[in-house]
Amino acid sequence: MRELDLPDLDDLARGAALLGSGGGGDPYIGTLLARAAITRHGPVRVVTVEELPPDALVVPVSMLGAPTVGVEKLPSGKEVHAALRALERVLGRAATHLVAIEIGGGNSMVPVAAAAETGLPLLDADAMGRAFPEAQMVLPTLSGISTTPMTVADDKGNTAVIDAVSNHWAERIARAICGEAGCSVYTADTVLTAAQARDTLVLGTLTLAQRAGAAIRLARAGHADPVRAVTDLLGGAVLAAGKVVDVSRATTGGFARGEAVVHGPDGTLVLSFQNEHLVARLADRVVATTPDLICVVDTETGEPVTTEALRYGFRVTVLGLPCDPRWTSPEGLALVGPPAFGYDCGYRPLPS
Amino acid sequence: MITEDPYPTRALPEDTPVLRRCRLGIALDSERFSAALVDGEGTVLASTEQASLVAAATEVLPVALRHIMAQAGPRGITLDHIDRVLLAVSEVDGLAGLPGSNPNWRRWPGQLGPVAVIRLGRATTALPPLAGWPPDLHAALSVAETCVGGGARMDGSDFEPLDAAGLVAFAREIAGKVSAVAVSSVFAPVMPSHELAAAGLLRAELGDSVPIVLSHEVGGMGLLERENATVLQAALLRRAWGAAHRLRRSLVDAGLPEAEPFLARNDGSVMTVDYALTRSLLMHGATWAAGARGAALLAGESEALVAFTTADGTPTAVCAVTCGTATPSEGPTTIAGVPTGLRTVAMVPTDPPVGGAPGPDVERLAEAVDRAKSGPKDLPLLVIGPGAEKLVDALPGALPGTTLVCCPPRADSAAAVGVAVAPVSGEATRIFTLSSPHGDEIRVKVREQARAAAVHAGADPHLAEVTSVDESMVAYVGTPTVRVRVRAEGPPRSAWRPSYQRT
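From first to last, the protein sequence lines stand for chains U and D.
Each number in the working numbering comes from the position in the first sequence (counting from 1) with 276 added on.
Each number in the working numbering comes from the position in the second sequence (counting from 1) with 5 added on.
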């Protein structure tokens, strides 16, 4: 058990933005929420999976919705409670631990704030090892664990309980509720026993994100190379370093799809992104794809650059970080490989 | 009995040609100013650039006017021809007193605030108003904060019903204790109706002498940052009033009682002084935006890069110009340790080496030029400011990334020319689903709102028109949803009044 306190939040947010692979929503509001919650209720207890009692009931809590709404319609602070209590009523027992559904972006911070408010310990793990846009895109899906019962709570006190025939359906129904409720709701879903948590989650990612954020900060303070500090910690490869020479965004069919061209001494890298960076091509050859993490950082400062912020002239380094190996199974790739996002290429492992 | 009017209304003969209606632009930097006189066709009739010991507009105006009239007088121009005076400042009066900008800020709080803060949107209190503010600034500026029901949803429909009773009760609590009230509301940029209704209710309780600043006037998406800017704005209001009064008085004293004063915004446009009273934060950095506009106009280039110089010929920063206007910065602007939604000009500093020799460092300038660009195309670099000619002369030759490096005519006064020719702008935004049957109606309405906003800010109602429409997808929404942003512009209205005779 360790404590997560106010001074840890900035590192965690920076690391989570990095692991968000360009998406996942800005951790800024999430960080403020976590800071407010910890200021009110004290530090969060973080436990490892080994510390889980056998009868633990681990519940991922997260925000579902549009970042555009998230920065405008701030939460009331009661949503996570409401979702959690509704789920506990359905289950007939209380949650013992909270966990992040994804470690990338804003949803890395939601369970931190919730753990501070509820006093429940936070499990050092998450269900993706990165950020993905949809509820079924979690490792427990591969083990046949159901997203539902899933509860959705809004800021007014409305809650909904979803029982779906598949995790895809859970996503569709939750997304429809979210839209009706104003595109900013909180969910509790994918309930796990201690054994399921141990077997299906990516372990230690909260600490890893925090260490990645600290590595960038310390490298910068010590005038060392922040990009090197990240790859030393997380492994993976530098796919390209150079200047962004073109960014194009199209909005066909309701999807924000874009491409960015990074021109560097080793050639020209084309990044295809939607909410996250998904495919990287070097001279028309695919060099990295989802589910591996394609992360763009400012070459000088090491600060992660989101797909929305990417612009001409940025000096960036594009990193390929290995995903959890379970994602590269045939079932994993069917769920989150390039074709799942509409790209016609297959998965390509990162260059070693 | 009517005694002699100290400020008699002057009137030009009605057949005065429009061309003779001149705009006087004045741009203030920390230790220098520039001024320019532009006629109705956009021809620059006179310009000057001078060192000035006092950066106050009221001190600079008579000096500037003397220099300008010395040039324009022989061309048949009199003070009566100047019907608009447009001013650009580099720093908003009062901001220098906020902590974070000046360690001696404790001298100032008496002149800032005190304000009350109201947020419309009760179910947003996980982060209450002023969350994350430095405690000393919070204590110095705000006497009370509250959240009451109200606000809009993304599509502009009501988020919560407006809690009129809650507003009135709060107003009675703060009556007599505050100099201004800051009101923010969820999604106010897409639907300000609750803020406007709240202002009406508050005014009925507090009277007209307590100004109310509304967040949609300050603008920008992101409730917390917009609210922060609104609170700072409310705190600055008393100072803004004083400054506006002194400015009007100095126009009268300078012999320009009929001229309508405008103030430059950091997006390169101008606004009337009345409009600016509740938006003085938007003036922060306006001299850069005016300089970029002036450079583009004087050089006849609508796509270019602009380098700013100090008197000794050292470049200080580079910005990009698109469609004649400086490119705005991304992300929040921190003022006094508080993140705000204000956007300023995206200035890329040239970072002169510390303790290094003055004068141009070609490599650094080329680096700044490249960072300021928004595309790979080579562009002309327009050098302006008091040291423009010195810098161009000192450059050894072609600069990478540029098609040419030039010093446009009247480069030293480019900022004054830029503010003299600046339009008045207005913006409006809405968010709607692509499947909405009302999509086209909404688009038409947003265009009209943008036009009305420009007129509100002082644009000529007959000439204000839509200049840009931007539609972008909202991310992570199940139903394809689009945000439309419209900008309208028009020339500043003329204060020319029909002649009338006193009896």
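Quick reminder that beta carbons are idealized off the backbone N, C-alpha and C, glycines included.
Residues of chain D with a CB under 8 Å from the CB of U/D431: which are they?
-> As a position in the first sequence, residue 431 of chain U is number 155, starting the count at 1. Here the neighbours are A128 and T129.
Which residues, in order along the region 220–245 of chain D, keep a beta-carbon less than 9 Å from a beta-carbon of chain U?
-> M226, G227, L228, L229, E230 and R231
Proximity of D/L92 and D/I179 at Cβ, strictly below 8 Å = Working through the second sequence from its first residue, we reach residue 92 of chain D at position 87. Working through the second sequence from its first residue, we reach residue 179 of chain D at position 174. In this structure, D/I179 does not lie closer than 8 Å to D/L92 by Cβ.
Cα-Cα separation, U/D600 to U/L611 = On the first sequence, position 324 is the one that residue 600 of chain U refers to. On the first sequence, position 335 is the one that residue 611 of chain U refers to. Straight-line Cα distance between these residues: approximately 14 Å.
Taking buried to mean at least 16 other C-beta atoms within 10 Å of its own C-beta, is U/G622 buried or exposed?
-> Against the first sequence, residue 622 of chain U aligns to sequence position 346. Exposed: under 16 other Cβ atoms inside 10 Å.
Shortest alpha-carbon distance to U/A488 belongs to which of U/V322, U/G380 and U/T466?
-> Within the first sequence, the letter at position 212 stands for residue 488 of chain U. Here the closest residue by C-alpha is U/G380.
Counting along the chain, where does the alpha helix (DSSP H) carrying D/Q454 start and finish?
-> By one-based count along the second sequence, residue 454 of chain D stands at place 449. Where D/Q454 is concerned, the enclosing alpha helix (DSSP H) stretches over G444 to H461.
Per-residue burial, D/I182 [other beta carbons within 10 Å of its own, 16 or more giving buried] = Within the second sequence, numbered from 1, the residue matching residue 182 of chain D stands at position 177. Note that residue 182 of chain D is Lys in the sequence shown here, rather than Ile. It is exposed - the Cβ of D/K182 has fewer than 16 other Cβ atoms within 10 Å.
Count the other CB atoms within 10 Å of the CB of U/T466; is the residue buried (16 or more) or exposed (fewer)?
-> Within the first sequence, the letter at position 190 stands for residue 466 of chain U. Buried: at least 16 other Cβ atoms inside 10 Å.
Using DSSP with H/G/I as helix, E/B as strand and the rest coil, what is D/S285?
-> Numbered from 1 along the second sequence, position 280 holds the residue referred to as residue 285 of chain D. Here D/S285 sits in helix by DSSP.
Checking contacts by CB at 8 Å: is D/L50 closer than that to chain U?
-> Counted from its first residue, the second sequence places residue 50 of chain D at position 45. For D/L50, the answer is no, since every Cβ of chain U falls outside 8 Å of its Cβ.
Since D/V388 and D/A312 are thought to touch, with beta carbons under 8 Å apart, how far apart are those beta carbons, to the nearest angstrom?
-> Residue mapping note: residue 388 of chain D aligns to position 383 of the second sequence, counting from 1. Residue mapping note: residue 312 of chain D aligns to position 307 of the second sequence, counting from 1. Going by Cβ atoms, the distance from D/V388 to D/A312 rounds to 5 Å, so yes, they are a contact pair.
Report the rounded CA-to-CA distance for U/L282 versus D/L384, giving the unit in angstroms.
-> Taking the first residue of the first sequence as 1, we reach residue 282 of chain U at position 6. Taking the first residue of the second sequence as 1, we reach residue 384 of chain D at position 379. Their Cα atoms are separated by approximately 47 Å.
Interface residues of chain U around D/L167 at Cβ under 7 Å?
-> Numbered from its first residue, the second sequence carries residue 167 of chain D at position 162. Per Cβ cutoff of 7 Å: no residues; D/L167 is ~16 Å from chain U at best.
May I ask you to verify whether the region 453–465 of chain U touches the region 343–354 of chain U, counting CB pairs closer than 8 Å and requiring at least 3?
-> yes
Consult DSSP for U/T466 and reduce its assignment to one of helix, strand or coil.
-> Against the first sequence, residue 466 of chain U aligns to sequence position 190. Reduced to three states, the DSSP call for U/T466 is coil.
Name the chain U residues that come within less than 8 Å of D/P381, Cβ to Cβ?
-> By one-based count along the second sequence, residue 381 of chain D stands at place 376. Going along chain U in sequence order, the residues near D/P381 (Cβ under 8 Å) are V521, D522 and Y588.
Can you grab the Cα-Cα spacing for the pair D/G261 / D/F175, in whole Å?
-> Numbered from its first residue, the second sequence carries residue 261 of chain D at position 256. Numbered from its first residue, the second sequence carries residue 175 of chain D at position 170. A small correction: the amino acid at residue 261 of chain D is Leu; Gly does not occupy that position in the sequence shown. Approximately 44 Å, taken between the alpha carbons.
Take U/A536 as the anchor and find which of U/R561, U/V572 and U/V563 has the nearest alpha-carbon.
-> Here residue 536 of chain U refers to the residue found at position 260 when the first sequence is read from its first residue. Closest by alpha carbon: U/V572.
Could you tell me whether the Cβ atoms of D/T292 and D/L396 are closer together than 8 Å?
-> Taking the second sequence and counting its residues from 1, the one referred to as residue 292 of chain D is at position 287. Taking the second sequence and counting its residues from 1, the one referred to as residue 396 of chain D is at position 391. Taking 8 Å as the Cβ cut-off, D/T292 and D/L396 do not qualify as a contacting pair.
Pull up the CB-CB distance for D/P401 and D/V367, whole angstroms please, since I reckon it's below 8 Å.
-> Residue 401 of chain D sits at position 396 when you count from the first residue of the second sequence. Residue 367 of chain D sits at position 362 when you count from the first residue of the second sequence. About 7 Å; that satisfies the 8 Å criterion.
What are the complete beta strand (DSSP E) segments, minimum 3 residues, inside the region 396–421 of chain D?
-> 407–411
Any Cβ of chain D within less than 8 Å of the Cβ of U/L611?
-> Looking up residue 611 of chain U in the first sequence gives position 335. No, its Cβ sits nowhere closer than 8 Å to a Cβ of chain D.
Residue span of the alpha helix (DSSP H) that contains D/I73, given as start and end | Locating residue 73 of chain D in the second sequence gives position 68, counting from the first residue. It spans A62 to A77 - the alpha helix (DSSP H) in which D/I73 sits, taken as one unbroken run.
Who pairs with U/T565 in a beta bridge, going by DSSP?
-> The residue you call residue 565 of chain U lines up with position 289 of the first sequence. Its beta-bridge partners are U/V555.
Of all the CB atoms in chain D, is at least one closer than 8 Å to the CB of U/C454?
-> The residue labelled residue 454 of chain U in the question sits at position 178 within the first sequence. For U/C454, the answer is yes, since a Cβ of chain D falls inside 8 Å of its Cβ.
For the 8 Å Cβ check, are there 3 or more pairs between the region 411–418 of chain U and the region 429–448 of chain U?
-> yes
Determine the contact status of D/A316 and D/P391, defining contact as a CB-CB distance below 8 Å.
-> Residue numbering aside, residue 316 of chain D sits at position 311 when the second sequence is read from its first letter. Residue numbering aside, residue 391 of chain D sits at position 386 when the second sequence is read from its first letter. Closer than 8 Å, so yes.
Assuming D/V350 contacts D/L386 (C-beta within less than 8 Å), just tell me the rounded distance between them.
-> In the second sequence, residue 350 of chain D corresponds to position 345, counting from 1. In the second sequence, residue 386 of chain D corresponds to position 381, counting from 1. Wrong, their Cβ atoms sit about 16 Å apart, outside the cutoff.
Any C-beta of chain U sitting closer than 8 Å to the C-beta of D/M159?
-> Taking the first residue of the second sequence as position 1, residue 159 of chain D is located at position 154. By this cut-off, D/M159 is an interface position.
heavy atom of the ligand SAM below 7 Å from U/D600 C-beta = Looking at this structure, you won't find the ligand SAM or any other ligand, since it has none at all.
Is U/A564 buried or exposed, if buried means 16 or more other CB atoms sit within 10 Å of its CB?
-> By 1-based counting over the first sequence, the position of residue 564 of chain U is 288. Buried, by the Cβ-count rule.
Give the residues of chain D in contact with U/C459, contact being defined as C-beta atoms less than 7 Å apart.
-> Taking the first sequence and counting its residues from 1, the one referred to as residue 459 of chain U is at position 183. Ordered by position in chain D, the residues that pass the 7 Å Cβ test against U/C459 are M159 and V482.
Residue environment, D/H250, which counts as buried when at least 16 other CB atoms sit within 10 Å = The count along the second sequence starts at 1 and reaches residue 250 of chain D at position 245. Result: exposed.
Taking only runs that begin and end inside the region 398–446 of chain U, name each unbroken alpha helix (DSSP H) of 4 or more residues, in chain order.
-> 415–418
Would you kindly work out how many angstroms separate the C-alpha atoms of U/L597 and U/D568, rounded to a whole number?
-> Along the first sequence, one-based indexing puts residue 597 of chain U at 321. Along the first sequence, one-based indexing puts residue 568 of chain U at 292. If I take the Cα positions, the gap works out to 6 Å.
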